[in-house]
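K.L.:
A single structure is presented below for examination.
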Amino acid sequence: MTDFVFLAEVLNKVSRTKKRNEKVALAGEFLRKVEIEEVSQAALYLSGKVFAESDQRTLNISWKGLMNALRKVVDFNDDTLSEAYDGDIGKAVAKILEGSKESRQSALFSEALSIASVSQTLSKIADIQGKGSVKEKQSRLTSLFMEASPRESRFLAALVLEDMRTGLSEGLLAESIAFAFGVDSTLVRRAWSFNGDLGAVAKLASEGGAKALRRVSVQVMRGLKPMLASPTQDLESLFESQPNQYSLELKLDGARVQIHKEGDEVSIFSRRLSDVTNSLPDIVQVVREKIKSLKVIIDGEVLAVDDAGRPFPFQVVMKRFGRTRDIEEAFKDTRLVLVLFDVILIDDIQLVDEPYSERRRRLEEIVPSNLLVERLVTESIDSAQAFFQRSQELGHEGLVAKKLDSPYIPGVRGKYWFKIKHTLDTLDLVIVAAEWGHGRRKDWLSDYHLAVRDEESGEFMIVGKTYKGFTDKEFQDITERLLDLKIASHKHIVQVRPEIVVEVIASEVQESPTYESGMALRFARISQIREDKGPMDAMTLIELREIFDKQFRFKAR
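Residue 358 is where the sequence shown starts when you use our numbering, and the numbers rise one by one after that.
This is the structure we're talking about:
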């Protein structure tokens, strides 16, 4: 078995270098040395994940739960934590434990942790449910930290909260797997995109090399990341820069869903690969009744509409996701419709490498026309502009332009699909801190520090602040949520765990020396909380810079 301390040492080295190739090599060399039965878990832990994306299990341990568990190992207060915390929870935990007599004493009498023993404990924690589960989870976590050194505790804490700040993204880890086992990184990424489990891919590569990776295919009832569209300034610039015949589809303000059907069995996965089947029995019924094929994976959206068929805002749809009680009552409140636009698998035929035009043709063969997204195939900018106007009249967000030769690339925002909105580009940002308000808002955290994700470092970098966009009730609700995520506070500012993603509208993106990111938002306003997105789905610094560059080019025309 491989001692966990060796993993901690590698993660420490990875976090200390800024060189991409060094990170890849360090992680790859470690994977090459790990026992085969531990490769899968080691790969996941290197990327900061306890379970694979396709695994529905979660630890369900909050920041507060972690702190309660740690306080059973060493006595510390909020002031000690605030002093130790500099944006990296793992480092803060290690710093607290390094100065602790209790921690040193417990380490003297403990057995060495292994990757396998940590995995076993975390799996047991995930399985604990029901009455008394919070205390039992914390108790098992305390036992784990009592056996860990400060350095091991640094990465254990980061792992439990899935807040690993090493700069080793899953994309880089895919390269590390290729480096470790002498396979092409394209094969690693393709296999990963199909099964959603980078750990399993690492094990396959270690055991069977390229041949084993080539055998990985899309499987019904196992969710895969949806293909994404890149933002573009407007139709005119798209048609000028990339003249093509496009399929223009209505861009709906709904929730992305992936429909899996095998006979009468139906599973529905959200954008984040959560199984939301039980929350959407009305959609399940539609799938059973309307989709002809016995075995299929289809991409689409669920939309909330009024009696006239006009769409409600996205937030209305999200009230149904994750809800498993009082579903019949929810039917009365929210009428949902299913709209489909792509197909990934029919029977046992995988269609990801087929061009979009062929996938659409196959989709039309198995789905009634009233379930298909409305579209226009054209190379004419005038026709495209008219359809864009129609989408606004229907109450939709805009259009998605798809190249007819586009393959389906799971999880990728590439140069095949483009989204064009009626409003300004929205930015998906993470709240990393909040300030207590003044006057009427004095009891609420109501001025929010907004951040993008730096893919190189793994850090969240602030690009602006705003207090605009929420109602009083929303201020109250988000204050409660943010206080549960509180890490530290200084005067009137509360630092929080980067977890809540908000959709933000700004009049302009600017270069600015004010923030370390080098970017700032002008007149930012929160339009909604994105409950369907996690911090790893947030906009990256590179993507924000691309928006800035597009703005600059647009102004210069």
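Ideal Cβ positions, reconstructed from N, Cα and C, are used throughout, including at glycine. Please read these numbers as outputs of a predicted model, since none were measured by experiment.
With 16 as the cutoff for other CB atoms within 10 Å, does K772 come out buried or exposed?
P.N.:
Result: exposed.
K.L.:
When the Cα atoms are used, what is the spatial distance from R522 to E722?
P.N.:
If you take the alpha carbons of R522 and E722, they lie about 47 Å apart.
K.L.:
Tell me which residue opens and which closes the beta strand (DSSP E) that I625 is part of.
P.N.:
Looking at the DSSP string, the run of the beta strand (DSSP E) that includes I625 is E622 to S627.
K.L.:
Assuming G385 contacts F536 under a Cβ cut-off of 8 Å, what Cβ separation, rounded to an integer in Å, is found between them?
P.N.:
Confirmed, Cβ separation roughly 3 Å.
K.L.:
Should G405 go down as buried or exposed, given a rule of 16 or more other Cβ atoms within 10 Å for buried?
P.N.:
Flag for G405 reads buried.
K.L.:
Are there 16 or more other CB atoms within 10 angstroms of the CB of I706, so buried, or fewer, so exposed?
P.N.:
I706 is exposed by the Cβ-count criterion.
K.L.:
Which class does E658 belong to by DSSP, given the choice of helix, strand or coil?
P.N.:
Note: E658 maps to strand in three-state DSSP.
K.L.:
Using only CA atoms, which one of S480, A741 and R377 lies nearest to E532?
P.N.:
Per the Cα distances, R377.
K.L.:
Can you look up K912 in the DSSP assignment and give me helix, strand or coil?
P.N.:
Unreliable placement is indicated for K912, whose pLDDT of 47 sits below 50; no coordinate value is reported for it.
K.L.:
List in chain order: all unbroken alpha helix (DSSP H) runs of 4+ residues lying wholly within the stretch 403 to 434.
P.N.:
Fully enclosed alpha helix (DSSP H) runs of 4 or longer: 420 to 428.
K.L.:
Can you list, in chain order, the stretches of the beta strand (DSSP E) that have 3 or more residues and sit fully within the stretch 775 to 850?
P.N.:
783 to 793, 802 to 810, 817 to 823 and 843 to 847, all fully within the stretch 775 to 850.
K.L.:
Could you check the C-alpha separation between W793 and K608 for me, to the nearest Å?
P.N.:
The straight-line gap from Cα to Cα measures roughly 37 Å.
K.L.:
State whether the stretch 651 to 668 contacts the stretch 615 to 622, with contact taken as three or more CB pairs (one from each stretch) at a distance under 8 Å.
P.N.:
Counting Cβ pairs under 8 Å, three or more are found: they touch.
K.L.:
Mapping the DSSP letters down to three states, classify F880 as helix, strand or coil.
P.N.:
It is coil, neither helix nor strand.
K.L.:
So, is A913 buried or exposed, given that buried needs 16 or more other C-beta atoms within 10 angstroms?
P.N.:
Below a pLDDT of 50, predicted positions are generally treated as unreliable, and A913, at 46, falls in that range; the measurement from the model is reported next regardless. Result: exposed.
K.L.:
Would you give the residue range spanned by the beta strand (DSSP E) that S587 belongs to?
P.N.:
Its beta strand (DSSP E) spans residues L585 to P588.
K.L.:
Determine, using beta carbons only, whether I788 and F827 come nearer to each other than 8 Å.
P.N.:
The answer is no: Cβ separation not under 8 Å.
K.L.:
Roughly how many angstroms lie between the CA atoms of I393 and F538, to the nearest whole one?
P.N.:
For I393 and F538, the distance between alpha carbons rounds to 12 Å.
K.L.:
Going straight from the alpha carbon of T836 to that of T634, what length do you get?
P.N.:
Roughly 30 Å between the two C-alpha positions.
K.L.:
Could you give the DSSP three-state label for Q852: helix, strand or coil?
P.N.:
Q852: strand per DSSP, three-state reduction.
K.L.:
Pick helix, strand or coil for I485, following the three-state DSSP scheme.
P.N.:
Of the three classes helix, strand and coil, the one that applies to I485 here is coil, per DSSP.
K.L.:
Alpha carbon to alpha carbon, how far is S726 from S650?
P.N.:
Distance between the alpha carbons of S726 and S650 is about 15 Å.
K.L.:
Taking just the CA atoms, how far does L802 sit from I850?
P.N.:
Between I850 and L802, the C-alpha separation is close to 9 Å.
K.L.:
Taking Cβ to Cβ, would you say K380 is nearer than 8 Å to L479?
P.N.:
Not a contact, by the Cβ cut-off of 8 Å.
K.L.:
Report the rounded CA-to-CA distance for Q742 versus A426, giving the unit in angstroms.
P.N.:
Spanning the two alpha carbons is a distance of roughly 58 Å.
K.L.:
Quick check on the DSSP output: the alpha helix (DSSP H) that includes S604 runs from which residue to which?
P.N.:
It is not in any alpha helix (DSSP H) - S604 instead sits in the beta strand (DSSP E) that spans Y603 to K608.
K.L.:
Taking Cβ to Cβ, would you say L761 is nearer than 8 Å to S594?
P.N.:
Cβ distance not < 8 Å, so L761 and S594 don't count as in contact.
K.L.:
Going by DSSP, what residue range makes up the alpha helix (DSSP H) through E619?
P.N.:
No alpha helix (DSSP H) holds E619; the beta strand (DSSP E) holding it covers A612 to E619.
K.L.:
Quick check: the Cα distance between D435 and A441, rounded to an integer number of angstroms?
P.N.:
Near 10 Å, if we compare the C-alpha coordinates of A441 and D435.
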